[in-house]
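Numbering (the numbering used here), first residue to last: 71 to 465.
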């Protein structure tokens, strides 16, 4: 499910000395491509999970005897390992019902099976952030899955502003207006010294050309303003290049974007809107809404979704009433040193006044401390699930 724009996925995501990228094309590869033909671009439900699991066992055959543990990153696909007698590790960055058919029968079948796996001593499930932890708790209750932060160490890059006067803009995929707004506000030399007549400003606006490609503006800047704004389309889209920008502007289109964690792990200063309506999305998350009838709270621990939200769901991404609570679980507003702006003019005002050295230092300290915490969490989960007591590589 990683975005299509990432170049060299194999080398980028699996570039650790003790890992190799699997490029083997075999009957297992063929089966998954046939069963999930559009896995990189689609969130279509998986039909016939039991038949899928049966085929997987048949195709894998004797090779399963060589497997030490099973890793799944989509909760529904963990059912492929159900009954195999193998330790199962699950690390989820998607909603619990992601890829589960929308029929009542499919969901009523999945709830107790997932719960049974989560409660098993040989299964270790975790989610990538508190937002997902809250959603899973809302749907199935105990046992509450631990939230182990995504560190995105695969970027292999650390913030080094070799491009000190450039700011990277990570716009929403289907919007093209943000860069135009920035350019419009910077046009006419509003940030330059000296006063100009109205006629001069109007003449400049008539002569100004905004270079676009595919209907999108790729860069923005203005006379006298210390920073120029660029989209990733003007880069080679590598993390090494991204780390060279002074800062990144991130307009989120989901509550837990991996992009956020990638830039945070590089200690790159992140600027995000503070205005609550900017966190109302249209990702069809109500497709994943639902609650298991057998849900139980964990003894001695209150449910994470506040009681004051009765009548609302954490999947109601277009409801301001729900968003007021869900943003409190998002790492966008939990991790230190993230920079917020109230409006585009406020952003343009804040950027030159930011102490970037202080921001980077705070991010680096938090990254170091939380990596130790995450390492300990993974070791404990791995030890409980498999009995192994070995160093775990964080990816």
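For glycine and all other residues, C-beta sits at the position ideal for the given N, C-alpha and C.
Selection from the options that minimises the alpha carbon distance to residue i
{"i": "residue 237", "options": "424, 154, 182, 454", "result": "424"}
{"i": "residue 118", "options": "320, 150, 394, 185", "result": "150"}
{"i": "residue 380", "options": "371, 391, 370", "result": "391"}
{"i": "residue 97", "options": "320, 357, 331, 131", "result": "131"}
{"i": "residue 185", "options": "215, 388, 156", "result": "215"}
{"i": "residue 75", "options": "206, 255, 305", "result": "305"}
{"i": "residue 421", "options": "202, 82, 252", "result": "252"}
{"i": "residue 230", "options": "353, 434, 377", "result": "434"}
{"i": "residue 325", "options": "124, 122, 200", "result": "200"}
{"i": "residue 365", "options": "180, 397, 170, 442", "result": "180"}
{"i": "residue 235", "options": "108, 254, 318", "result": "318"}
{"i": "residue 102", "options": "85, 113, 115, 122", "result": "122"}
Expected contact under 8 Å - CB spacing of residue i and residue j to nearest Å
{"i": "residue 188", "j": "residue 310", "result": "38 Å between Cβ atoms; not a contact."}
{"i": "residue 336", "j": "residue 313", "result": "5 Å"}
{"i": "residue 349", "j": "residue 322", "result": "7 Å"}
{"i": "residue 340", "j": "residue 333", "result": "6 Å"}
{"i": "residue 239", "j": "residue 301", "result": "5 Å"}
{"i": "residue 146", "j": "residue 384", "result": "Rounded, the Cβ-Cβ distance is 19 Å, inconsistent with contact."}
{"i": "residue 134", "j": "residue 106", "result": "Rounded, the Cβ-Cβ distance is 20 Å, inconsistent with contact."}
{"i": "residue 183", "j": "residue 152", "result": "7 Å"}
{"i": "residue 168", "j": "residue 144", "result": "6 Å"}
{"i": "residue 459", "j": "residue 212", "result": "27 Å between Cβ atoms; not a contact."}
Through-space distance from residue j to residue i, alpha-carbon basis
{"i": "residue 373", "j": "residue 221", "result": "27 Å"}
{"i": "residue 438", "j": "residue 120", "result": "42 Å"}
{"i": "residue 232", "j": "residue 315", "result": "7 Å"}
{"i": "residue 414", "j": "residue 192", "result": "50 Å"}
{"i": "residue 162", "j": "residue 246", "result": "31 Å"}
{"i": "residue 399", "j": "residue 196", "result": "16 Å"}
{"i": "residue 41", "j": "residue 89", "result": "There is simply no residue 41 to check, as the chain begins at 71 and stops at 465 in what is shown."}
{"i": "residue 87", "j": "residue 299", "result": "35 Å"}
{"i": "residue 82", "j": "residue 369", "result": "43 Å"}
{"i": "residue 44", "j": "residue 139", "result": "The chain is shown only over 71 to 465; residue 44 falls outside these bounds and no answer can be derived."}
{"i": "residue 100", "j": "residue 171", "result": "22 Å"}
{"i": "residue 356", "j": "residue 166", "result": "12 Å"}
{"i": "residue 79", "j": "residue 377", "result": "43 Å"}
{"i": "residue 453", "j": "residue 93", "result": "29 Å"}
{"i": "residue 175", "j": "residue 190", "result": "24 Å"}
{"i": "residue 289", "j": "residue 451", "result": "46 Å"}
{"i": "residue 276", "j": "residue 295", "result": "The predicted model places residue 276 with a pLDDT of 49, which falls under 50 and marks its position as unreliable; any figure quoted below should be read in that light. So the alpha carbons of these two residues sit roughly 20 Å apart."}
{"i": "residue 442", "j": "residue 85", "result": "21 Å"}
Beta-carbon proximity of residue i to residue j, cut-off 7 Å
{"i": "residue 194", "j": "residue 141", "result": "no"}
{"i": "residue 429", "j": "residue 407", "result": "yes"}
{"i": "residue 205", "j": "residue 217", "result": "no"}
{"i": "residue 249", "j": "residue 223", "result": "no"}
{"i": "residue 455", "j": "residue 77", "result": "no"}
{"i": "residue 417", "j": "residue 411", "result": "yes"}
{"i": "residue 389", "j": "residue 219", "result": "no"}
is_contact[residue i, chain D] using C-beta, thresh 7 Å
{"i": "residue 170", "result": "Looking for chain D here will not work: only one protein chain is present."}
Handout entry: Three CB pairs or more closer than 8 Å across the stretch 402 to 412 and the stretch 343 to 350
Key = yes
Exercise for the section: Report yes or no: do three or more beta-carbon pairs, one from the stretch 436 to 451 and one from the stretch 357 to 373, lie closer than 8 Å? Expected result: no
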